[in-house]
Each structure stands twice: as C-alpha cells, then as structure tokens.
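J.: These protein sequences, in sequence, are chains W and H.
So in the numbering used here, spot 232 of the first sequence is number 232, and the numbers just go up one at a time.
So in the numbering used here, spot 229 of the second sequence is number 643, and the numbers just go up one at a time.
Backbone N, C-alpha and C define an ideal beta-carbon position, used for all residues, glycine too.
Just so it is clear, the structure is predicted and the values come from calculations on it, not from any experiment.
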Amino acid sequence: MKIKSTIIAGAALATLSAFAAQAADTIKIGFIDPLSGPFAATGTNGLAQFRYAVDELVNKKGGVLGGTEFEIVAYDNKISPKESLIQLKRAIGEGVRYIAQGNSSGVANALTDAIKKHNKRNPDNRVLFLNYSAVDPALTNAKCNFWHFRFDANADIKMNALTDVIKVKKDIKKIYLIGQDYSFGKSVAAAAVRFLKEKRPDVVIVGNELHPIGKVKDFTPYATKIRASGADAVITGNWGADMIGLGKAIGETGLDVPIYTYYAANDGITKTIGASGKNKIRLVHEGPLNPPSSAAYEAYHKGFKAKNPEKDISQFRIANTVQMLAAAIEKAGNAQPINVAKALEGMEFTSLHGETLTMRAEDHQMIQPIHISVHTDEGITFDSDNSGYGLSTETTVAAADTALPTTCKMKRPM
Amino acid sequence: MFELIFFSLLNGIVTGLLLFMLASGLTLIFSMMGVLNFAHASFYMLGAYVAYTISLYLGFWVGLIVAPLVVGVLGAVVERYGLRHVHRWGHVAELIFTFGLAFLIEEIVQFIWGKDTKAYHEPEILQFPLFTFFGQNFPAYKAFMLLISIGIFIALLLVLTRSRIGLIIQAAITRPNMTAMLGHNVPLVFMGVFGMGCALAGLAGVIAGPALGTFPGMAVVLGSIVFVIVVVGGLGSLGGAFIASLLIGLLQTFAIALDYSVSDILVAFNITTDAESAFRDLWTLSLPQIAPILPYLLLVLILIFRPTGLFGKRES
C-alpha cells in the first residue's frame, strides 16, 4: 500500500511536483540514530527533541505549504554504519525523503556516500541528508556533497572559536591536550595544535595525550600527570564516561585551571561532575542557555521540560534543523528535495535565541555564533540533568569570526 | 619529577588495593570450587548500584554496610540455586554459566538503573583534601579507600589462618571429600565462601563507585584485569593476589605517568632511528599508549615462565 502510493507520488512528482507535495499526507523525516545499545541515551534524547521541535515549531503553527504536517519516523541504527544503510533503504522505501542523523561521524560518512549514490541513480525520488551533530570536518570539506547539510559547527570551527578565546587570555601559557584514541580525539588534538601555533605561538603544549576509549577505569594517573606538567588549561574532546572520569579526577587533584571541552554536559554528565567541576569545566557549543536569551526560547524550553522532565535540550541545533527545513520548503513552494536543497543553500535564518545563522552555500556548513560556557550553579535559569548545575555563557564568538575556509568543490545537480 | 613519582606511588597503591578486594574473593572461589567466576566483576557493579540507591535514601554509610550484605546474599543464592546444579555437568558448564550470568547482570542493571552514569558521590565528611603536597591534593576519600582495603586484607588473613572457620575452609580447599567425611557441611562452606567473595566484590564496588564512576560498563572495565591478578599471583593464593594487585596497580599508574617511547630507549643505547622509516609508528609508541596492554603482557610472560603464578602451589 505504502510502496504503491510512493510510486504514484513519484510518478506524479515528475510532472506535477507542486501538486504531488500537496497530496502527500505528511512530510516524513527519517531519524536514523542509536535507540539501543551503549549510546541509546544520546539517541533517545535526540529523538525526543526532534519530536517536540516538529510538534511545537511546525505542526502547531499550521504545518507547511498550507497545512502539511511534519512526521518523525524513528529508525534504530545501533550506531553502526552498516545498520544505518539498511535503515536508510527501509526509510526510502517507506516514503521518507528527509534523513536526520547526528551521532557518530562514521555513520554520517557512510550515509552521505549512500545518499549521493542513491540520488544519482534515482533522480525521481531524491533524498536530503540533514546532519544535526556529526562534526567530522571532512563532511563539509573533502567529502562534501550537495545533498548533505550540517547544522552543527564542525570540530575545526569549534576549535577555531575556542582558540580565539585562548588568544586573548594571556595568563594561559601552558596547555595540556588529552583525548580518546580514535579519529575524533586525534582530529581535536591536531586542530588544537594547528590553531594554537597560528594564534598563540608563545603557548607551550605541555602534553598531547591519547588514552584508550572507554577502557580507562581511573583517570587519577592522568590528572596527576596534568597537574605535574604545570598546565594552565586543558583541552579535551572526551565524551560519555571518559569525560566524567577525567573531569572528576582533575577536580580531585585540586587543579584549578579551565578545562575546555566539547561534550561535558547533559546525559548524566553535569549531575555527576557536580560541584567538583564548578567554574572549571567549560563547553564550546551553539545555542546559549544561561542567561536566557529570549522569551521565545524560554517558552520553548519550559514546554519541553514539561513534556520530558527527565530530559534536556542538549542539542539546540535540532530546533534550527526543523525550522530551517520548514522555511526552505515554504520558500521552494514544494517539498521536492532538490528544490528544498536549493532553498536551504545560503539561507539566512533567525533562531529562537534571536541569533542569525547562515547555511553557507559553498559547503553546506552552518555558520553560527559559538559560545564558551562554564559549568556552575550560580545564575542558572535552565539547569542540566535537574542538578542545579548548568552552563553559563562567558564568551560568544560571532558567526563571521568562526567561519573557516573550505576545500569543498560542490557539484550541483542540473 | 618527585611529585609525579610520589603521587603515582599513592595512586598505584590505592588502585592495587581496590583490585585486591576483587581478586581476593575470586581467588578464594577458584581455589575452592575450581571455577573461574566470570561474573565476579558484575557483583562489583551490583555493589556500586545497590549502594547508590541506598545512599539516596539512607546515606552513604548505611549503603557501605548494607550493599555488600545484599550482594553477598545474592551471591550465595546464585551458588545455592544456580552453580550447584550446573556443577553436575562439570567445569565447562559452570564456566559458561558464570559467563552468561555476567551478561545477564549487566542487562538487568541497565534495565533497572538505565544507561546514564549515576551521580553517586563520596560522603560529605570525606570531601576534603587530606594533605597537599607540591600543591597537589590527596583526597581524603582515597585514604579512606586505602584504610578499608588494608582492613579487609588483615581481617581475611586472620579469619583464614587464625579461626576455626578458616581451618575448615582451608581443609575444604585441599581435601573436600575428607573434610565432608569428618562431618563438615562442605556445600555450606562453598556457599559461604562464594557469598563472602561476592560480598567483598560488592564492597569494592561500594567504595569504588563514587571514585571511578557508577555506569553500566564498570564491570567490563575491571573484569579482565582481575583475572590477570589471580593468574599472576597464583591461582588460589591470597598472598599472591595481594602482591599481584599492588604490582598491577603500580604498573598501570607508572606506565601512564612516565612518558618514555621506544626511541628514547634506543637513544639510551646510542641507536638512532630514522624519522621517515616504515617503523616510525613503532619508534614513537610511548609508554602511556601501551599502558593498557602491559598487564596482559605480564600475564602471558607469567604463563610462559611460571605457569603456577608468583605464589601458586599447584598447576591447574
């Protein structure tokens, strides 16, 4: 039944595209992320945020194209690239034309290749890839393609913003880099070395350490080493249990220096680090939480907490993804992925926070303000993990200053 | 440098003694029943989670006493109604039983407590730096862990060598049939030892939970290393387990602390390496990078050169 209607819709699209989009009952967004296994907490959290964003920001406001609603269809990929490709096929078969994925750059790399191939072979039912979290720089550089859009800042952009902050902090003279021993950990370290050399040649990198991912039971020896190195600041891309262990161990040695991180918040991390990381742990992220930015965001946040008291808006970019997709569909006048993609390219958009975001046309990388926030319990309106602790914005790097040149040579379809 | 060595020494001893609490139970169970209990680290995890739940309502100290008891009873039940039945089909069946049990416990823990890391914290009266040396703090909680572990070691040693129960246990280890003939209830002794071993693992979990994190992967992280200790120390030897625990604890800590690479060693022998050679990855390999495999390397070496372990009496 569904396949049949897809074929009919597909045939109709070829001739009467605008009409066909009107005829479809909903616009389906396939959410392909881990919903079971060790990373299930992150995946289900993302799904809840997508569902809420779609309801609150699109469907309750009358949908798009005069009444068509968005629908989130969840597919569990167990964070495996292989499983993701199977789920992608299934999603396309079920009439999904928009794929949202974020956890793991390994999966994103597999999906972007598969979607590129699919669109080449099936020009009549193309698919758009909305990457809301995978931050491997390659996705919008060497491996960029027309059908992939990234709504999060990539790892290099985040490091660029972070080193901009370090550039003016003249009291930081020695920096210790520590990360998980795999592609992401290594790329964070490499970017840190590159940008620091450029912006603060006087800074000494006193340690560049990689530890096995998910296997360290006690971070105390690492913390002792960091302490003994005399570092004035620590930079890490650690996430999950590795972030908690490192944060706690550094806190216990009494080392009072800033620890710059990518992922030290939410999903139990804020609660566990608690007082031991106060005014030490800092996060490089998009979407400021405290102090509250706007009434619109405040209402959105409170609505989400009322529905999901145990969860947090840990990935604000999900709201941007949904809103920008809706705006692009309206601008295109239909829901055909190729027209929507063209509408998304170069789109300027004002987020719930009141920030101006741009989807850069040349590589489909979102250019947005980046915030450096500190983990504290003072002046927190919106806390994380219901712990009383949350992120308070210290510095904001303007969107234009975060933008990095891209090596992308985009091939656009005719 | 002295600062690094001093704190690495302390950290190594804390880690080593914590490992000993796990290994002591495992080695006793092995020497008595001939079973390598794969689920041993799972009881450690259970201890942490049970204590976390208790601490939410009644505080840390109640958890410290009650959680090991709960885990110990659970262990005894597993022995009485699980392992004892499986025993009839030999050691392989028992091994597979404990292997399955480890997975089962991990899934159950995730089912009950979820996948997030739990905010299990040290009690407030222990949240202060005990002393500061070269500007680096040594947390009081670490000292508390140290004291508990040493206390357990002494208590175990006294019970096993100076008490009547210890006498029967030692007899049951070496001559189970003869002990049974003399009128002792050997199955009960087995159950007691298994329960006691699990309770010790649970206690280790209770005190390690706040320090090392309470999360579903905590058993896996520690599980394999405990086997290394038992083998290196000699299967069934309590003293061996003690020495091996300290050895592994110090080995791991110092391997991370000391930044030496293969090329540094070669330079010491006046051998220069070519930075562009095909083996450059090997030359740049540093001690902290290979730290996680060092215990296993030791395991392999011990099995080759001294299969009975450092203090083991028999070959198994």
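So if I threshold CB-CB distances at 7 Å, which residues from the stretch 418-452 of chain H count as touching chain W?
T.: Within the stretch 418-452 of chain H, those residues whose Cβ lies closer than 7 Å to any Cβ of chain W are, in chain order, L418, F421, S422, N425, T429.
J.: If you pair each beta-carbon of the stretch 627-641 of chain H with each one of the stretch 448-464 of chain H, do three or more pairs fall below 8 Å?
T.: yes
J.: Would a check of beta-carbon distances place Y710 of chain H closer than 8 Å to chain W?
T.: no
J.: Under 8 Å between C-beta atoms, does V374 of chain W make it to chain H?
T.: no
J.: Check the Cβ of P537 of chain H against every Cβ in chain W and list those closer than 9 Å, keeping chain order.
T.: Chain W residues near P537 of chain H: none, gap ~14 Å exceeds 9 Å.
J.: For a test of the three-state rule: what should DSSP assign to I367 of chain W, helix, strand or coil?
T.: strand
J.: Of all Cβ atoms in chain H, is any one closer than 8 Å to the Cβ of L283 of chain W?
T.: no
J.: In chain order, what residues of the stretch 212-223 of chain W put their CB closer than 7 Å to some CB of chain H?
T.: P212, G214, K215, K217, D218, T220, P221, Y222
J.: Report the option in W:G247, W:H371, W:P337 whose CA atom is closest to the CA atom of L289 of chain W.
T.: W:H371
J.: Starting from the C-beta of S563 of chain H, find all residues in its chain whose C-beta is less than 7 Å away, skip the five residues before and the five after it, and write them out in chain order.
T.: If we look at S563 of chain H and ignore the five residues flanking it on each side, its Cβ neighbours are L431, L432, F434, M435.
J.: With distances taken from CA atoms, which of H:I662, H:L696, H:L440 is nearest Y674 of chain H?
T.: Y674 of chain H has its Cα closest to that of H:L696, out of H:I662, H:L696, H:L440.
J.: In chain W, which residues lie less than 7 Å from V635 of chain H when you measure between Cβ atoms?
T.: Chain W residues near V635 of chain H: K215, K217.
J.: CB-CB under 6 Å to I426 of chain W, same chain, minus the five flanking residues each way: which ones, in chain order?
T.: Not covered by the structure: residue 426 of chain W. The range shown for chain W is 1 to 414.
J.: Using a Cβ-Cβ cutoff of less than 6 Å, which residues in the same chain neighbour F552 of chain H once the five nearest sequence positions on both sides are dropped?
T.: L544, F545
J.: Is Y260 of chain W helix, strand or coil by DSSP?
T.: strand
J.: Is it a yes or a no for the stretch 243-251 of chain W touching the stretch 266-276 of chain W, going by three-plus beta-carbon pairs under 8 Å?
T.: In short, these stretches touch, since the Cβ pair count reaches three.
J.: Taking 8 Å as the CB-CB limit, is K271 of chain W close to chain H?
T.: yes
J.: Please name the residue in H:L423, H:V464, H:L515, H:R494 whose C-alpha comes closest to that of L450 of chain H.
T.: H:L515
J.: Quick one: list the residues of chain C neighbouring A241 of chain W, beta-carbon separation under 8 Å, in chain order.
T.: Among the chains of the structure shown, chain C does not appear; the protein chains present are W and H.
J.: From the DSSP output, in three-state form, read off T42 of chain W for me.
T.: helix
J.: Please check if any C-beta of chain H sits within less than 8 Å of the C-beta of L210 of chain W.
T.: yes
J.: Use the C-beta contact count for V285 of chain W: other C-beta atoms within 10 angstroms, 16 or more gives buried, fewer gives exposed.
T.: Looking at the sequence provided, one finds His at residue 285 of chain W rather than Val. Per the 10 Å Cβ criterion, buried.
J.: Using a Cβ-Cβ cut-off of less than 8 Å, give me the residues of the stretch 243-266 of chain W that come near chain H, in sequence order.
T.: I244, G245, K248, E252, T253, G254, L255
J.: Indicate whether at least one CB of chain W lies closer than 8 Å to the CB of A671 of chain H.
T.: yes
J.: Are the C-beta of K225 of chain W and some C-beta of chain H separated by less than 8 Å?
T.: Yes, contact with chain H.
J.: Residues of chain W with a CB under 7 Å from the CB of N731 of chain H: which are they?
T.: No answer is possible for residue 731 of chain H: it lies beyond the span of chain H, which begins at 415 and ends at 730.
J.: Going along the stretch 580-609 of chain H in order, which residues come within less than 7 Å of chain W, judged by CB to CB distance?
T.: Here the close residues number zero.
J.: Considering only C-alpha positions, which residue in the set W:L283, W:K278, W:G251, W:S276 is nearest to Y262 of chain W?
T.: W:L283
J.: Taking 8 Å as the CB-CB limit, is A41 of chain W close to chain H?
T.: yes
J.: At 3 residues or longer, what runs of the beta strand (DSSP E) sit wholly inside the stretch 254-315 of chain W?
T.: Entirely contained in the stretch 254-315 of chain W, the beta strand (DSSP E) runs reaching 3 residues are, in chain order, 259-261, 281-285.
J.: What are the residues in the stretch 330-351 of chain W lying within 9 Å of chain H by C-beta distance?
T.: So the list is empty, because no residue satisfies the distance condition.
J.: Note down the Cα distance separating F151 of chain W from F474 of chain H, rounded to an integer number of angstroms.
T.: Taking the straight line joining both Cα atoms gives about 44 Å.
J.: Looking at I443 of chain H and G611 of chain H, is the spacing between their C-beta atoms short of 8 Å?
T.: yes
J.: Is there a Cβ from chain H that is less than 8 Å from the Cβ of A231 of chain W?
T.: no
J.: I'd like the ranges of any alpha helix (DSSP H) spanning at least 4 consecutive residues and lying wholly in the stretch 698-722 of chain H.
T.: Within the stretch 698-722 of chain H, the runs of alpha helix (DSSP H) at least 4 residues long that lie entirely inside it are, in chain order, 701-704, 708-719.
J.: In the DSSP assignment, the beta strand (DSSP E) including L139 of chain W goes from what residue to what residue?
T.: No beta strand (DSSP E) holds L139 of chain W; DSSP gives it neither H nor E.
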